[in-house]
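Protein chains: 2
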Amino acid sequence: MKTVVIGANGTIGSLVVERLERAGHEVISVGRSSGALRVNVEDSASVEALFRAVGTFDALAVAAGEVAFKPFAELREADWAFSFGSKLLGQVRLATAALPHLRDGGSITLISGVTSREPIRGGVAAAAVSRAVEGFAMAVAPELPRGIRINVISPTVLDESMEAYASSFPGHESVPGARVANSYLKAIAGGFTGQTLIP
Amino acid sequence: MKTVVIGANGTIGSLVVERLERAGHEVISVGRSSGALRVNVEDSASVEALFRAVGTFDALAVAAGEVAFKPFAELREADWAFSFGSKLLGQVRLATAALPHLRDGGSITLISGVTSREPIRGGVAAAAVSRAVEGFAMAVAPELPRGIRINVISPTVLDESMEAYASSFPGHESVPGARVANSYLKAIAGGFTGQTLIP
Numbered sequence: 034m035k036t037v038v039i040g041a042n043g044t045i046g047s048l049v050v051e052r053l054e055r056a057g058h059e060v061i062s063v064g065r066s067s068g069a070l071r072v073n074v075e076d077s078a079s080v081e082a083l084f085r086a087v088g089t090f091d092a093l094a095v096a097a098g099e100v101a102f103k104p105f106a107e108l109r110e111a112d113w114a115f116s117f118g119s120k121l122l123g124q125v126r127l128a129t130a131a132l133p134h135l136r137d138g139g140s141i142t143l144i145s146g147v148t149s150r151e152p153i154r155g156g157v158a159a160a161a162v163s164r165a166v167e168g169f170a171m172a173v174a175p176e177l178p179r180g181i182r183i184n185v186i187s188p189t190v191l192d193e194s195m196e197a198y199a200s201s202f203p204g205h206e207s208v209p210g211a212r213v214a215n216s217y218l219k220a221i222a223g224g225f226t227g228q229t230l231i232p
Numbered sequence: 034m035k036t037v038v039i040g041a042n043g044t045i046g047s048l049v050v051e052r053l054e055r056a057g058h059e060v061i062s063v064g065r066s067s068g069a070l071r072v073n074v075e076d077s078a079s080v081e082a083l084f085r086a087v088g089t090f091d092a093l094a095v096a097a098g099e100v101a102f103k104p105f106a107e108l109r110e111a112d113w114a115f116s117f118g119s120k121l122l123g124q125v126r127l128a129t130a131a132l133p134h135l136r137d138g139g140s141i142t143l144i145s146g147v148t149s150r151e152p153i154r155g156g157v158a159a160a161a162v163s164r165a166v167e168g169f170a171m172a173v174a175p176e177l178p179r180g181i182r183i184n185v186i187s188p189t190v191l192d193e194s195m196e197a198y199a200s201s202f203p204g205h206e207s208v209p210g211a212r213v214a215n216s217y218l219k220a221i222a223g224g225f226t227g228q229t230l231i232p
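Which chain is which? The protein sequence lines are A and B, in order. For what it's worth, this note's numbering labels the leading residue of the first sequence as 34, then goes sequentially. For what it's worth, this note's numbering labels the leading residue of the second sequence as 34, then goes sequentially.
Set out below in structure tokens:
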């Protein structure tokens, strides 16, 4: 099984790559600024060029997308545009452009985040965008052709990242990155679609 | 109580105006292309000018915002930009610009829609945007100053609109518009915040 991982150099992405390789996937690692294959998810042409370079494959796993973290009083139009352009439209672009290159029965796995269900301070745009990603997957699932499935992983903060982000997640239970990576494998290998998994 | 209703000439908005007036509200009706006060929710300057013209008030009720309805295969970047710019950012702009003019303990009531929980064909952008509106309200609620509350009404198709939209909502139970209008009153008068009401 040939799987393209977007954000392969990030904390989550690198764990996903490791987990999928252990499960026997041929992994194509894609980064924004490093790696053999690169993509700017905010640019449709870059996204389309990536999949032309990859050719036919079986699964897309996304662990990339940024949002602005700011108090609401400081959120400007540009912050909203950035957040939707990157984490929502970036993933929509990847899903859209991947479709013609995915084999029958293939799958797409996107990422949202805990802010979709548990607000954190400064996470207003993150909450809106994460909910949007989950709603997108739910609604688009029955429209995908050739048995292709789509799901979302909605991780909370990782054990591996908790030290850096502790002040943003007081009282939150972090989870092992391995559990998040396992969720990607479950979404790719499972038979379900339109679902949001909480690792 | 002085309440500003955006989209006051629409099917839902006109019922909201009627219900609030019956409850004793002084209603300021605002439309896009008709009425004494007008606003283009896609334009921050227009939104800010509206609230300067209104002055101090108690409640904002929004029954406006558009999304593109198309099969996923036909959704383009421009459709996503339109949908987020109107129904999500339009409402974020209204909430942001209303805040300095809202009295202590005032409220903001936004609109999402049934597509946030039940997909309909062609409703991929609607699902994503409606979820985003609900996530926005949930996350921003604790950040609002001076006891100001924010909630979302998520109506399904109205009895009054069912004939026109029947082909998009097969098997859906429509609800009386009066019940949707009642939900706005409940959100404005109630003590809760960050919630999504399903009329």
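A virtual CB, placed ideally from N, CA and C, is assigned to each residue, including glycine.
{"Query": "Contact set between A:V125 and chain B, taken where Cβ atoms lie within less than 7 Å", "Result": "W113"}
{"Query": "Residue span of the alpha helix (DSSP H) that contains A:S66, given as start and end", "Result": "Where A:S66 is concerned, there is no enclosing alpha helix (DSSP H), given that its DSSP letter is neither H nor E."}
{"Query": "B:V95 (DSSP reduced to helix, strand or coil)", "Result": "strand"}
{"Query": "Whole-angstrom C-beta distance between A:A101 and A:S116, which should lie under 8 Å", "Result": "5 Å"}
{"Query": "Any chain A beta carbon closer than 9 Å to B:E176", "Result": "yes"}
{"Query": "Backbone CA spacing between B:F90 and B:V213 [nearest angstrom]", "Result": "23 Å"}
{"Query": "Residue environment, B:E167, which counts as buried when at least 16 other CB atoms sit within 10 Å", "Result": "buried"}
{"Query": "8 Å contact criterion, which A:L218 and A:L53 should meet: CB distance rounded", "Result": "6 Å"}
{"Query": "Given B:K120 as reference, the closest of B:S145, B:R109, B:G68, B:E196 once Cα atoms are compared", "Result": "B:S145"}
{"Query": "Uninterrupted beta strand (DSSP E) stretches inside the stretch 159-209 of chain A (no shorter than 3 residues)", "Result": "182-186"}
{"Query": "B:T189 vs B:V125 beta-carbon contact at 9 Å", "Result": "no"}
{"Query": "Segment contact, 8 Å Cβ cut-off, at least three pairs: the stretch 127-136 of chain B with the stretch 126-136 of chain A", "Result": "no"}
{"Query": "4-residue-minimum alpha helix (DSSP H) runs that sit fully inside the stretch 117-167 of chain B, ordered along the chain", "Result": "122-131"}
{"Query": "Chain-order list of residues whose beta-carbon lies under 7 Å from that of B:V173 (same chain, five-residue window excluded)", "Result": "I183"}
{"Query": "Cβ neighbour criterion (16 or more within 10 Å) applied to A:F169", "Result": "buried"}
{"Query": "Nonlocal neighbours in the same chain, by C-beta distance under 7 Å from B:A161, ignoring five residues either side", "Result": "none"}
{"Query": "Cα-Cα separation between A:S187 and A:T229, rounded to whole angstroms", "Result": "7 Å"}
{"Query": "Endpoints, beta strand (DSSP E) assigned at A:T89", "Result": "Where A:T89 is concerned, there is no enclosing beta strand (DSSP E), given that its DSSP letter is neither H nor E."}
{"Query": "Beta-carbon gap between B:V60 and B:A41 smaller than 9 Å", "Result": "yes"}
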